[in-house]
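Asks:
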Amino acid sequence: MSLKTRLAEDRVLVAPGVFDALTASIATDAGFEALYLSGAAIAYTRLGRPDIGLVSMSEVAETIALVRDRVATPLVVDADNGYGNALNVQRTVRLFERAGAAAIQLEDQSYPKRCGHLQDKALIGAQAMAGKIRAALDARRSPDTLIIARTDAVAVEGFERALDRARLYAEAGADLLFVEAPRSRDQLAAVTRALGATRPLMANMVEGGDTPLAEADDLGRLGFRLVIFPGGIVRALARTAQAYYASLRAAGTTAPFRDRMFDFTELNALIGTPEMLARGQAYAADGEDAA
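For the sequence shown, position 31 matches number 341 in the numbering used here, and the numbering has no gaps at all.
1) Just curious, the alpha helix (DSSP H) that Glu490 is in, first and last residue?
2) Is it buried or exposed, Gly582, if we count other Cβ atoms within 10 angstroms and call 16 or more buried?
3) Drop a sphere of 10 angstroms on the beta-carbon of Ile538, count the other beta-carbons inside from all chains shown, and report buried for 16 or more, exposed for fewer.
4) Of the residues Glu343, Asp527, Asp573, which one's Cα is nearest the Cα of Val386?
5) Are the CB atoms of Met512 and Leu486 nearer to each other than 9 Å?
6) Scan the segment 315-365 and note each continuous beta strand (DSSP E) run of 3 residues or more that stays entirely inside, going in chain order.
7) Note down the Cα distance separating Asp379 from Ile336, rounded to an integer number of angstroms.
8) According to the neighbour-count rule (16 or more other Cβ atoms, all chains shown, within 10 Å of its Cβ), is Thr564 buried or exposed?
9) Since Ile581 sits in a beta bridge, which residues does DSSP pair it with?
10) Spatial neighbours of Gln429 within its chain, please: CB distance less than 8 Å, with the 5 preceding and 5 following residues excluded, ordered by chain position.
11) Taking all protein chains shown into account, decide if Leu253 is buried (16 or more other Cβ within 10 angstroms of its Cβ) or exposed.
12) At what residue ranges does the segment 523-578 contain a whole run of the beta strand (DSSP E), taking only runs of 3 or more?
13) Taking 9 Å as the threshold (C-beta atoms), are Ala484 and Ala459 in contact?
14) Would the beta-carbon of Ala482 fall within 9 Å of that of Arg444?
15) Could you check whether Arg495 and Asp520 sit closer than 9 Å to each other, using their CB atoms as the reference points?
16) What three-state label does DSSP hand Gln415 in the structure shown?
17) Can you tell me which of the three DSSP states Asp496 falls into?
18) Could you compute how far the alpha carbon of Ala396 sits from the alpha carbon of Gly435?
19) Relative to the C-alpha of Glu467, which candidate in Gly518, Leu587, Glu407, Val489 has its C-alpha closest?
20) Give me the Cα-Cα distance between Thr455 and Leu580, rounded to the nearest whole angstrom.
21) Per DSSP, Ile458 is paired with what?
22) Going by DSSP, what residue range makes up the beta strand (DSSP E) through Asp379?
23) Please state the DSSP three-state secondary structure of Val387.
24) Is Arg509 helix, strand or coil by DSSP?
25) Rounded to whole angstroms, what is the Cα-Cα separation between Ala389 and Arg559?
26) Is the Cβ-Cβ distance between Ala411 and Leu347 less than 9 Å?
27) Can you check which of these residues, Ser312, Ala353, Thr315, Val381, is closest to Asp339 by C-alpha distance?
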């Protein structure tokens with residue numbers, strides 16, 4: 311089922327954040343129907359740096375390709391602000407779509423951008439963003455590749471202006487709307503009342519961010535169609551890694567941490583090592599028979 315078809319159903323879709331092929335495969339095995347490739351999570355893990363516009367278009371495209379080679383689960387990709395003007399947006403859309411993105415999220419921040427839950431952001435003009443959306447639509451090869459328009463105006467211009475921007479982006483042709491960082495449940499509900507009849511709506515859950523955490527089903531009842539948890543996996547892994555290294559440093563062995571780890575055999579089972587080795591042997595046998 312395509313992401314476009316799934317989003318047409320009257321039930322909320324949860325897309326957990328991933329940042330590489332391993333997390334994508336684990337999330338897929340957990341039963342999720344879509345994944346969210348987070349630019350912030352790539353910055354945290356690949357660069358060890360904050361989400362402040364340091365990740366490049368080519369780094370994200372490479373990650374998309376590696377994830378897509380591992381799993382077929384529809385992939386929603388964070389494309390920041392398109393890495394430049396409308397022409398850069400078109401190149402981004404073409405590259406990400408070829409690599410395997412099912413949906414591409416573009417935001418109305420200026421460059422360099424910041425995480426949506428950091429302060430002191432700056433925006434481009436609303437009409438300029440509408441032009442970027444039109445450019446993205448013109449660049450995509452398949453109508454099944456969705457363009458998500460995100461506005462960060464709540465923190466910069468205020469809540470009502472954020473709704474105005476989202477309406478304009480819908481008029482420009484965006485397939486989904488994403489009002490980033492509402493400050494309360496009342497604002498979340500107001501987003502769906504104001505925009506729910508125009509396009510499917512996306513909500514972002516960030517632990518410790520500006521938006522109060524809510525369950526996906528609750529957000530679905532409010533009227534959101536897609537809910538992402540983009541950086542949660544990195545926060546979970548970072549806490550575990552911190553504890554692991556502290557334990558190893560103190561004990562000089564991994565033994566005290568063993569009950570919180572996969573062992574060698576378990577990890578190989580998780581990543582499919584036996585199946586891949588068997589497949590390789592089958593091809594080798596075919597070659598011997600041909601000889």
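We put the CB at the ideal spot given by N, CA and C, even for glycine.
Replies: Considering the structure as presented:
1) It is not in any alpha helix (DSSP H) - Glu490 carries neither H nor E in the DSSP assignment.
2) Around the beta-carbon of Gly582, fewer than 16 other beta-carbon atoms lie within 10 Å, marking it exposed.
3) Classification for Ile538: buried.
4) Relative to the Cα of Val386, the nearest Cα in the group Glu343, Asp527, Asp573 belongs to Glu343.
5) Taking 9 Å as the Cβ cut-off, Met512 and Leu486 qualify as a contacting pair.
6) Runs found: 323-328, 345-347.
7) Going by the C-alpha atoms only, they are around 14 Å apart.
8) So Thr564 ends up on the exposed side.
9) Note: Ile581 is not bridge-paired with any residue in the DSSP secondary-structure output.
10) Taking Gln429 as the centre and dropping the five residues before and after it, the same chain places the C-beta of Ala465 closer than 8 Å to its C-beta, in chain order.
11) Outside the displayed span of the chain (311 to 601) sits residue 253, for which this structure offers no information.
12) Inside the segment 523-578, DSSP marks whole beta strand (DSSP E) runs of 3 or more residues at positions 536-539, from first to last along the chain.
13) Inclusion of Ala459 and Ala484 in the CB contact set at 9 Å is warranted, their separation being smaller than that value.
14) The Cβ atoms of Ala482 and Arg444 sit closer than 9 Å to each other.
15) Pairing Asp520 with Arg495 gives a Cβ-Cβ distance that is not under 9 Å.
16) Note: Gln415 maps to strand in three-state DSSP.
17) Note: Asp496 maps to helix in three-state DSSP.
18) Roughly 13 Å separates the two Cα atoms.
19) Closest in C-alpha terms to Glu467, from the list Gly518, Leu587, Glu407, Val489, comes Val489.
20) Between the alpha carbons of Thr455 and Leu580 lies a distance of about 30 Å.
21) Paired residues: Gln415, Leu486.
22) It is not in any beta strand (DSSP E) - Asp379 instead sits in the alpha helix (DSSP H) that spans 367-380.
23) Under the three-state reduction of DSSP output, Val387 falls in the strand class.
24) Note: Arg509 maps to coil in three-state DSSP.
25) The straight-line gap from Cα to Cα measures roughly 38 Å.
26) For Ala411 and Leu347, yes; Cβs fall inside 9 Å.
27) Closest by C-alpha distance to Asp339, out of Ser312, Ala353, Thr315, Val381, is Val381.
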